[in-house]
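**Q** Dropping the structure in here first, questions after.
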Amino acid sequence: MRNAFSEEITRLSKKNKKIILLSGDIGNKLFDNFKKKYPSRFINCGVAEANMTTVAAGLAYAGYMPITYTITSFNVLKTVEQIKLDICYQNLPVIIVGVGSGLAYSNLGTTHHSIEDVGVLNSISNLNIISPADAKELRVLLHQALKIKKPVYFRIGKKNEKIIYNNKCNSKFGDPSVLEKGKEICIFGTGNILINAIQASKNLKNKIKPQIINIHTIKPFNEKKIYKYLKKFKKIIILEEHVDKGGLCDLIMKVSAKFKLKNIFLNHNAGNNFLVGVGNNKNARKILRLDSSSITKSIIKLSKM
Numbered sequence: 561m562r563n564a565f566s567e568e569i570t571r572l573s574k575k576n577k578k579i580i581l582l583s584g585d586i587g588n589k590l591f592d593n594f595k596k597k598y599p600s601r602f603i604n605c606g607v608a609e610a611n612m613t614t615v616a617a618g619l620a621y622a623g624y625m626p627i628t629y630t631i632t633s634f635n636v637l638k639t640v641e642q643i644k645l646d647i648c649y650q651n652l653p654v655i656i657v658g659v660g661s662g663l664a665y666s667n668l669g670t671t672h673h674s675i676e677d678v679g680v681l682n683s684i685s686n687l688n689i690i691s692p693a694d695a696k697e698l699r700v701l702l703h704q705a706l707k708i709k710k711p712v713y714f715r716i717g718k719k720n721e722k723i724i725y726n727n728k729c730n731s732k733f734g735d736p737s738v739l740e741k742g743k744e745i746c747i748f749g750t751g752n753i754l755i756n757a758i759q760a761s762k763n764l765k766n767k768i769k770p771q772i773i774n775i776h777t778i779k780p781f782n783e784k785k786i787y788k789y790l791k792k793f794k795k796i797i798i799l800e801e802h803v804d805k806g807g808l809c810d811l812i813m814k815v816s817a818k819f820k821l822k823n824i825f826l827n828h829n830a831g832n833n834f835l836v837g838v839g840n841n842k843n844a845r846k847i848l849r850l851d852s853s854s855i856t857k858s859i860i861k862l863s864k865m
């Protein structure tokens, strides 16, 4: 995803001369082409994420469209006060890009795990939250994020994520996308972990065909659309590379409770504990039951209820 982001922001910056890219001392080679084309619009802020956020707010206040970019855990947990007061309180058009969200940096440990970010940021007023499923959707939604001219948190993966949208991606900000149509069971997911839901469905070879919904826009949360799906499908799986508090699970189950629906939920998430010794991303997902095999088992279990 990071390569797609670099390519797309370089392309968009050709027409939009107000875009300024700020880096927290990463992506130096990644942005070589951007720096070559727009040397005055790239700022390496060093290992000073809070200051980078404040600088971005100042640039936005002066009429520019700044984008901050660094590892998700650093661009969220180290900068919450600046995001809240400097950017969101003034409703400024800053895009905060967190790279390596979820467990992309799994083997680097808790310092680099980004599984609380949505819960932390979702309570901040004026902040929009976008979590694309693959590189193609990232390109589409990045373009839309620049157009809304509001504070946006962009939750992206790292590298080598599988493509979900083999054909054209028509995702629209704020509107959940149907990835696969199905019956009886509905899977809601967000981010690049959705590829495992698609693989889980393939594992069943059409014996059971769940509907798969991509919640790429976590905030604003489209309660009306979610209610519609919850009313249609009683059996629900919620999939997210995030702790079980404050993320997609809480948002969807809240809608079900609000309208007194009798949904049955099986949730796949990162639990509610610090993760130690989980190894690489693939192994971590297996331990946490975020892999396609575990999701397949939940689909089969729900089908028998």
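Residue numbers (the working numbering): 561 to 865.
Beta carbons: idealized from backbone N, C-alpha and C, even for Gly.
As the structure is a computational prediction, the values presented were derived from the model and not from experiment.
1. Helix or strand or just coil, what does DSSP make of residue 647?
2. What distance in whole Å lies between the Cβ atoms of residue 802 and residue 662, which are believed to be in contact at a cut-off of 8 Å?
3. How far does the alpha helix (DSSP H) with residue 674 in it extend, from its first residue to its last?
4. By alpha-carbon positions, which one of 808, 818 and 738 ends up nearest to residue 831?
5. From which residue to which residue does the alpha helix (DSSP H) around residue 828 run?
6. Could you check which residue in 634, 652, 655 and 657 has the C-alpha nearest to that of residue 671?
7. Among 603, 641 and 819, which has the Cα closest to the Cα of residue 649?
8. Assuming residue 704 and residue 738 form a contact by the criterion Cβ under 8 Å, report the distance between their Cβ atoms to the nearest whole angstrom.
9. Start and end of the alpha helix (DSSP H) containing residue 601?
10. Using only the alpha-carbon positions, how far apart do residue 659 and residue 579 sit?
11. For residue 630, report the span of its alpha helix (DSSP H) as first-last.
12. List the endpoints of the continuous beta strand (DSSP E) containing residue 618.
13. Does the segment 818-826 come into contact with the segment 722-735, if we say contact requires no fewer than three beta-carbon pairs (one atom in each stretch) closer than 8 Å?
14. Let me know if residue 693 comes out buried or exposed under the rule of 16 or more other beta-carbons within 10 Å of its beta-carbon.
15. Can you tell me whether residue 849 is helix, strand or coil according to DSSP?
16. Taking the DSSP output, what are the residues bridged to residue 585?
17. Between 563, 730, 653 and 768, which lies nearest to residue 713 when the distance is taken from Cα to Cα?
18. Tell me whether residue 755 sits in a helix, a strand or coil according to DSSP, three-state version.
19. Of all the options 605, 575, 647 and 577, which has the alpha carbon lying nearest to the alpha carbon of residue 587?
**A** Based on what the coordinates show:
1. Three-state result, residue 647: helix.
2. 7 Å
3. Segment: none, residue 674 is in no alpha helix (DSSP H) and carries neither H nor E.
4. 808
5. Run containing residue 828: none in the alpha helix (DSSP H); it sits in the beta strand (DSSP E), 824-828.
6. 634
7. 641
8. Going by Cβ atoms, the distance from residue 704 to residue 738 rounds to 18 Å, so no, they are not a contact pair.
9. Run containing residue 601: none; DSSP gives neither H nor E here.
10. In a straight line, the C-alpha of residue 659 is about 19 Å away from that of residue 579.
11. Looking at the DSSP string, residue 630 is not in any alpha helix (DSSP H); the run it does join, the beta strand (DSSP E), is 625-631.
12. That residue, residue 618, is in no beta strand (DSSP E); its alpha helix (DSSP H) goes 609-621.
13. no
14. With 16 or more Cβ atoms within 10 Å of its Cβ, residue 693 is classed as buried.
15. coil
16. Beta-bridge pairing links residue 585 to no other residue.
17. 653
18. helix
19. 605
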